[in-house]
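Going down the list, the protein sequences come from chains A and B.
Take the first sequence: its letter number 199 is residue 199 in this note's numbering, and every next letter is one higher.
Take the second sequence: its letter number 51 is residue 256 in this note's numbering, and every next letter is one higher.
Number of protein chains: 2
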Amino acid sequence: MTADARPAAPPLTERQEARRRRILHASAQLASRGGFEAVQMREVAEAAGVALGTLYRYFPSKIHLLVATMQDQLQHMHSTLRKRPPAGDDAAQRVAETLMRAFRALQREPHLADAMVRALTFADRSVSPEVDTVSRLTTAIILDAMGLEHPTPEQLSAVRVIEHTWHSALITWLSGRASIAQVKIDIETVCRLIDLTAEPGAGRG
Amino acid sequence: MTADARPAAPPLTERQEARRRRILHASAQLASRGGFEAVQMREVAEAAGVALGTLYRYFPSKIHLLVATMQDQLQHMHSTLRKRPPAGDDAAQRVAETLMRAFRALQREPHLADAMVRALTFADRSVSPEVDTVSRLTTAIILDAMGLEHPTPEQLSAVRVIEHTWHSALITWLSGRASIAQVKIDIETVCRLIDLTAEPGAGRG
DNA sequence: ATCAAGTCTGAAACTTGTTCTAGATTAGCG
DNA sequence: CGCTAATCTAGAACAAGTTTCAGACTTGAT
Numbered sequence: 001m002t003a004d005a006r007p008a009a010p011p012l013t014e015r016q017e018a019r020r021r022r023i024l025h026a027s028a029q030l031a032s033r034g035g036f037e038a039v040q041m042r043e044v045a046e047a048a049g050v051a052l053g054t055l056y057r058y059f060p061s062k063i064h065l066l067v068a069t070m071q072d073q074l075q076h077m078h079s080t081l082r083k084r085p086p087a088g089d090d091a092a093q094r095v096a097e098t099l100m101r102a103f104r105a106l107q108r109e110p111h112l113a114d115a116m117v118r119a120l121t122f123a124d125r126s127v128s129p130e131v132d133t134v135s136r137l138t139t140a141i142i143l144d145a146m147g148l149e150h151p152t153p154e155q156l157s158a159v160r161v162i163e164h165t166w167h168s169a170l171i172t173w174l175s176g177r178a179s180i181a182q183v184k185i186d187i188e189t190v191c192r193l194i195d196l197t198a199e200p201g202a203g204r205g
Numbered sequence: 206m207t208a209d210a211r212p213a214a215p216p217l218t219e220r221q222e223a224r225r226r227r228i229l230h231a232s233a234q235l236a237s238r239g240g241f242e243a244v245q246m247r248e249v250a251e252a253a254g255v256a257l258g259t260l261y262r263y264f265p266s267k268i269h270l271l272v273a274t275m276q277d278q279l280q281h282m283h284s285t286l287r288k289r290p291p292a293g294d295d296a297a298q299r300v301a302e303t304l305m306r307a308f309r310a311l312q313r314e315p316h317l318a319d320a321m322v323r324a325l326t327f328a329d330r331s332v333s334p335e336v337d338t339v340s341r342l343t344t345a346i347i348l349d350a351m352g353l354e355h356p357t358p359e360q361l362s363a364v365r366v367i368e369h370t371w372h373s374a375l376i377t378w379l380s381g382r383a384s385i386a387q388v389k390i391d392i393e394t395v396c397r398l399i400d401l402t403a404e405p406g407a408g409r410g
């Protein structure tokens with residue numbers, strides 16, 4: 001899990017750490033109000049009490065900023081979920097329940113969700129490392145729900161597909177093209193893949 | 206399917222139809238070169254021999270333009286696929302083959318794919334109708350591959366999840382976070398959902 | 001052919017993400 | 001303390017999406 005691969009992450013001083021937090025907070029705040037468009041770099045800088053140039057030093061683009069915001073929120077959610085693990089009988093149920101729980105959390109701040117998810121899927125290669133971190137966090141959450149320590153490659157594939165579905169379903173909901181009920185069905189549908197890969201010996205054909 | 210819902214689509218004159226085509230062509234051309242960023246509204250207008258204001262009259266935003274470009278390309282692909290239907294034995298195989306074929310077509314113009322897919326997932330509510338059209342086209346392609354005329358609700362759910370996976374996998378590939386092999390695995394994995402929802406005993410002919 | 005309504009053009013203006021610069025502040029160090 | 005390098009600030013400048021506007025051109029009806 002510990003992988004600070006990026007070339008030398010210089011340790012931040014306390015004031016710098018504080019600045020970084022203020023920026024992320026301002027970002028989430030503005031996003032909660034008006035979604036992706038409401039997160040305007042000048043406004044973030046002002047709300048965080050920081051010069052525009054400084055904001056760009058900390059986060060090299062609006063997309064980077066919002067993806068980092070998502071990392072932040074996901075971490076929060078991960079620890080929340082850990083405290084109250086899902087109670088279903090089989091893995092598929094637990095994963096579906098976990099994702100729907102996460103989904104309901106996002107529903108409470110739909111604008112914030114909009115900003116984060118749009119940034120995530122719009123990110124180009126220059127943001128890959130950060131997006132990857134988000135992806136690993138999501139994977140960790142799903143694996144936690146499955147209760148697996150050593151997933152098989154097959155199971156990892158199922159998890160990947162679940163993640164795909166999760167992201168894409170989120171987008172269709174955010175853009176008003178799918179109802180919450182529809183998202184629930186999609187998630188439950190994709191979670192059936194877990195059953196397919198659960199039985200040891202039920203190898204892939 | 207027949208839904209000219211949008212308030213009165215006034216029939217275009219011949220010259221207008223020609224302008225529209227020129228614009229879409231210029232858009233695809235520029236996108237093929239440098240992807241999303243290379244599609245600059247001023248350049249599209251110039252390449253299409255049209256004033257900037259006119260471009261915006263035809264397509265109210267860059268996103269609208271690129272989503273329309275995708276519609277165009279998808280329609281093209283759909284008719285191509287119809288000519289040579291996939292040859293697999295069961296529905297899952299045929300769908301996977303079809304999607305991988307589409308995927309290889311996109312690979313040939315990765316920049317174009319980048320522009321279209323980024324626009325598609327970045328689109329907000331104001332583009333919903335157009336994005337929905339793309340979604341229906343994709344669904345039609347998948348259902349064609351399955352060989353289904355009257356899918357059950359369950360099968361439609363599977364198709365939805367397949368679409369989710371398709372879009373999201375495409376994004377991970379475009380942003381360099383997944384290899385082509387990985388995409389193939391993901392598609393094959395999700396296609397196993399089709400087997401789950403196949404009518405028992407009906408091998409589907 | 002003529003008029004009115006709608007469309008297209010060219011160009012400027014406005015918005016917001018991003019970059020750049022010069023000077024002030026801070027951090028680490030002797 | 002006093003120096004140097006790094007960081008931060010304020011603000012201008014630039015880039016590309018979007019809007020606006022006055023005037024020229026089409027179109028359709030009379």
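Every residue gets a Cβ at the ideal spot worked out from N, C-alpha and C, and that includes glycine.
Computed from a prediction, not measured in an experiment: that's the story for all the values here.
- Take A:Ala169, set aside five residues on each side of it, and the residues of its chain with a beta-carbon closer than 6 Å to its own are Val183 and Asp186, in chain order.
- DSSP places A:Leu137 inside the alpha helix (DSSP H), whose first and last residues are Ser128 to Met146.
- An exposed status is given to A:Thr80, since fewer than 16 other beta-carbon atoms sit within 10 Å of its beta-carbon.
- Listed in chain order, the positions of the segment 57 to 69 of chain A with a beta carbon within less than 7 Å of a beta carbon of chain B would be empty, since no residue qualifies.
- In this chain, the alpha helix (DSSP H) harbouring B:Arg262 covers Leu257 to Tyr263.
- At a Cβ-Cβ threshold of 8 Å, B:Asp400 and B:Ala273 do not count as neighbours.
- Look at B:Ile390: its C-beta is under 8 Å from a C-beta on chain A.
- By a beta-carbon distance limit of 8 Å, B:Leu235 does not contact B:Ala250. Their separation comes to about 11 Å.
- The three-state reading of DSSP puts A:Ser168 in helix, counting H, G and I together.
- At a cut-off of 4 residues, the continuous stretches assigned as alpha helix (DSSP H) that sit fully inside the segment 244 to 314 of chain B are 246 to 253, 257 to 263, 267 to 288 and 296 to 313.
- Around the beta carbon of B:Pro291, 16 or more other beta carbons lie within 10 angstroms, which makes this residue buried.
- With contacts defined as CB atoms closer than 8 Å, B:Leu353 and B:Met321 fail to qualify as a contacting pair.
- Here DSSP, grouped into helix, strand and coil, assigns B:His355 to coil.
- The Cβ neighbour count for A:Leu74, taken over all protein chains shown within 10 Å, is at least 16; the residue is labelled buried.
- Among the CB atoms of chain A, one or more fall inside 8 Å of the CB of B:Arg330.
- As the crow flies, the alpha-carbon of A:Ala28 is around 36 Å from that of B:Arg238.
- Identification of residues in the segment 154 to 165 of chain A having a C-beta nearer than 7 Å to some C-beta of chain B yields Ser157, Ala158, Arg160, Val161, His164 and Thr165, given in sequence order.
- When CB distances to chain A are screened at a threshold of 7 Å, the residues of the segment 298 to 324 of chain B falling below it are Arg323, in chain order.
- In the displayed model, A:Ser157 falls within a helix according to three-state DSSP.
- When CB distances to chain B are screened at a threshold of 9 Å, the residues of the segment 168 to 183 of chain A falling below it are Ser168, Ala169, Ile171, Thr172, Leu174, Ser175, Gly176, Arg177, Ala178 and Gln182, in chain order.
- Selection B:Leu217, B:Thr377, B:Thr326 and B:Thr394 evaluated against B:Ile268 yields B:Thr326 as nearest (Cα-Cα).
- Scanning chain B for C-beta atoms nearer than 8 Å to the C-beta of A:Arg192 yields Leu398 and Leu401, reported in chain order.
- The alpha carbon of A:Arg15 has as its nearest neighbour, out of A:Ala48, A:Asp124, A:Ser179 and A:Met41, the alpha carbon of A:Ala48.
- Judged by DSSP in its simplified three-state form, A:Arg177 adopts coil rather than helix or strand.
- Under the three-state reduction of DSSP, A:Thr13 is assigned to coil, being neither helix nor strand.
- Collapsing the DSSP output to three states places B:Asp391 in a helix.
- Check the Cα spacing between A:Val127 and each of A:Arg57, A:Ser175, A:Thr13 and A:Ser61: the tightest is with A:Ser61.
- The C-beta of B:Val339 comes no closer than 8 Å to any C-beta of chain A.
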